[in-house]
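*Asks:* Residue numbers (full-length UniProt numbering): 1 to 67.
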Amino acid sequence: MCAHPTPCPDATSDARDLAAVVSSHPEQGWSLLCNGVVLFDDDGELLPDGSAVADHHQWRTAGLVPA
Numbered sequence: 001m002c003a004h005p006t007p008c009p010d011a012t013s014d015a016r017d018l019a020a021v022v023s024s025h026p027e028q029g030w031s032l033l034c035n036g037v038v039l040f041d042d043d044g045e046l047l048p049d050g051s052a053v054a055d056h057h058q059w060r061t062a063g064l065v066p067a
């Protein structure tokens with residue numbers, strides 16, 4: 001799907017969220033990547049096959065997680 005000189009990661013790759021943004025909708029909280037992945041501002045993802053990928057980051061909040 002990607003036509004960049006250096007191809008973007010495929011939607012099945014673990015690095016899929018590093019693909020180039022082709023359409024951004026910050027007012028709605030999502031961006032479409034050139035590999036067909038919809039990336040949400042909360043780091044969740046929707047893959048081209050319709051499957052969802054939950055946020056994979058571990059967020060830490062002061063006072064809730066010991067340092």
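We put the beta carbon where it would ideally sit given N, CA and C, even for glycine.
1) Output needed for S51: all residues of its chain with C-beta closer than 7 Å, excluding positions within five of it in sequence on either side, in chain order.
2) Counting only the same chain and skipping the five closest in sequence on each side, list residues whose C-beta sits under 6 Å from that of S23.
3) Starting from V21 and walking both ways along the beta strand (DSSP E), at which residues does that stretch end?
4) Please report the straight-line C-alpha distance between L46 and C8, rounded to a whole angstrom.
5) On the DSSP bridge assignment, give the partners of V53 in chain order.
*Replies:* From the atom records:
1) none
2) L32
3) 21-25
4) 17 Å
5) E45
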